Each structure stands twice: as C-alpha cells, then as structure tokens.
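Accompanying notes for the structure given below.
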Amino acid sequence: METNKKILVLYHGNCMDGGAGAWVAWKKFGSEAEYLPQERTSIPEVSIFQDKEVYVVDYSFTKEQMLSFEKVAKKFVCIDHHISAKEAVESLKEYTFDTAYSGSYLAWKYFFPEEAVPRLIEYVSDSDTWTHKLADYEDIDAYIYREVDMANEFLYFEDLNKELSTDEGLERAKRIGRLFREAHEKRVSIYEEKAELIKFEGYDIYAVNAPRDIRSELGHRLAKKTGLFSMIFSYEQGVWKCSLRSVKDFDVSVIAMKHGGGGHKNASAFSVKAEFPVDFRSKE
C-alpha cells in the first residue's frame, strides 16, 4: 500500500470500538491522514511506515513487529486496551494502555484531552469492556451496534454522535434500540438452541456457527451453561473466525493467544485458515 499522506491511522477493522476510535482520529486529522482497518490475517510491510506519523488504535501487532515499525516511523503511537497486548504495547516509546476503557475512549482522551468524552464514546466503551454501568445501556447498545455501512463509517459515527449528544436524540435511540434489542434476542435464542457440546483445549464447551453481530450475547449465554467459556465461529474470506466468551475468572485471552489471536480475559478471538473436504472455490 502506497500513500503520499504523512499520517497513518491503523485501527481494528470490523469492530465498533475500532471504528469509533478511527472516527476520533478522523475528527483530529480529517483528510490529512490515511485510515487503514486491520485484520489478523494480514501484516503491513515495514516500508509503509517509513518517515510517517503513525497511530495504531484499538489494535496492536507483536512486540517485534511494532518495534520494527517504530524504528522507521517518524512517530509511532499505540492506543490499546486488550490485555493480551499489554507487554507489546508497553515496549514502545509512546503509548496509551488501560484495560478499564475501550480503545475509542482512550483515543479520545489522547487526541482531545481537554474535551469531555462524548456520550457516544462512553456507551461504546461501556459495551466493549462489558462494564454495563450506563443507564439504558441495552437499548442504546442495540441502537449503536445496528448494521453499519463500514464504507461510510465515519459519517455514521458523526451523525450518531450528533444525535446522542441531545436528550431528544438519546430518547429516540432508546425507543428504536428497544425494538432492535427484542429482535436481536430472538435471533440469539435461535442460535443458542443450535449449539453443541465440543471438546476444545481440554474443556467441554458449547460451540455454534453463528453471525458475528450476535457473538457476544450468544457467547456469554452459552458460557454460563458450563461456567467456563464458549466458541462462536463464522466463515469469512477464507478463514474461520472464532470468538471466545467466558464467565467469571476464566481467561480466554490465553487460549486465543495460543492460536495466534488475543483480546480480553472474558472476550477474545482468533482465526484459522479454512479447510474444506471438497474442492471449494469462490465464483470468479
């Protein structure tokens, strides 16, 4: 990837918190920066960081990779909150790390330290860290986390921020979000019934092939059944994306890291290359 822009923002792709964090950076830099969503299946070339001002938001790479990026970059900053990334992030010269808040929340505090954190970012952080302390969080989360056109995610967050900043907009989000939540819970229940007990990493857990947008609620429901953890998996672009959700003190980030992924104690993920027993190809 070649770009003439001197500022690069790399962020957690296909993630509401990562997208919100990139939006925060966009409010700071606008068109002056290049915004690059990241997935575990691809690692950028060191050369793209040469003499660039780089910000990695709600995401990280291995310690060795980030040190190599930092070495050639004009400035390299990592803003993250995933416990599995702690050692790698804290090896850098400049970083922000705190597991108590989400990546987008930390990004706001970094880029706009003198401004109050927007209500939108507070709710995203409350949800992403599974804190659930804010009023009416279930309905507001359902409204925020509805299907998003990721090609226009910055405009989505900009409009959503304006809406939630007013009391009238917040009440509207609650009403509509309640309807989304009711439909969402019905879908979760359908997939909950499809889950099967499997043996994974020496544990008997529930697993099911289900859409990514219901993985958190579904995963926690299934984890409660065993008191351990669960796996929600789905096929995307040649890989199986496996999300792990646990309860209490069971640390799934350890398991995710073992398989090349990472995340939090109670919510982590990893990907494995898809293999099919028949000759399976995408239509060209």
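Residue 264 is where the sequence shown starts when you use my numbering, and the numbers rise one by one after that.
Every residue, glycine too, gets a C-beta built ideally from N, C-alpha and C.
Just so you know, these numbers come straight off a predicted model, no measurement behind them.
Item                                                                                                           : Value
The stretch 423-433 contacting the stretch 441-454, beta-carbon criterion three pairs below 8 angstroms        : no
Unbroken alpha helix (DSSP H) run spanning Ser294, endpoints                                                   : Run containing Ser294: none; DSSP gives neither H nor E here.
Identity of the residue in Met279, Leu460, Ile453, Val510 nearest Ser388 by Cα                                 : Met279
Endpoints, the beta strand (DSSP E) within which Leu273 is located                                             : 270-275
Pick from Lys504, Ile518, Val502, Ala530 that is closest to Leu485, judged by C-alpha positions                : Ala530
Inter-residue CB distance, Arg420 and Ala288 (contact presumed, cutoff 8 angstroms)                            : In the sequence as displayed, the identity of residue 420 is Phe instead of Arg. Between Ala288 and Phe420 the Cβ distance is about 11 angstroms, and since that is not below 8 angstroms, they are no contact.
The stretch 493-508 contacting the stretch 518-530, beta-carbon criterion three pairs below 8 angstroms        : yes
Chain D contact for Ala486 (CB, 8 angstroms cutoff)                                                            : Looking for chain D here will not work: only one protein chain is present.
Beta-bridge partners of Trp371, as assigned by DSSP                                                            : Paired residue(s): none; Trp371 is not in a bridge.
Residue interval of the beta strand (DSSP E) (run including Arg478)                                            : Taken as a continuous stretch (DSSP letters only), Arg478 belongs to no beta strand (DSSP E), being part of the alpha helix (DSSP H) at 478-489.
Backbone secondary structure at Leu427 - three-state DSSP                                                      : helix
Per-residue DSSP class, three states only, for Gly525                                                          : strand
Rounded straight-line distance, which links the Cα of Val272 to that of Ser323                                 : 12 angstroms
Residue nearest to Gly432 in terms of C-alpha spacing, selected from Glu455, Leu383, Arg450                    : Leu383
In DSSP terms, what Asp404 is bridged to                                                                       : Answer is none; Asp404 lacks a bridge partner.
Cβ neighbours of Ile270 in the same chain (closer than 6 angstroms, five flanking residues each side left out) : Phe292, Glu295, Ala296, Glu316
Spatial distance of Ile453 from Ser479 (CA atoms)                                                              : 15 angstroms
Close Cβ partners of Thr266 (< 8 angstroms) along its chain, the five nearest in sequence each way excluded    : Glu297, Ile311
Ile306, buried or exposed, once every other Cβ within 10 Å from all chains shown has been counted against 16   : exposed
Of the listed residues His344, Lys437, Ser493, Glu308, nearest to Lys511 (C-alpha basis)                       : Ser493
Cβ-Cβ distance between Phe513 and Leu491 below 8 angstroms                                                     : yes
8 angstroms CB neighbourhood of Asp361 in its chain, flanking five on each side removed                        : His344, Leu369
Reference Asn277, options Trp286, Pro300, Lys268, Lys290, closest by Cα                                        : Pro300
Backbone CA spacing between Lys349 and Asn415 [nearest angstrom]                                               : 31 angstroms
Identified DSSP bridge partners for Tyr469                                                                     : Leu460, Ser493
Local conformation of Lys315 per DSSP, three classes                                                           : coil
Segment limits, beta strand (DSSP E) that includes Tyr358                                                      : 358-360
Span of the beta strand (DSSP E), counted from its first residue to its last, around Leu330                    : Careful: Leu330 lies outside any beta strand (DSSP E), inside the alpha helix (DSSP H) at 326-335.
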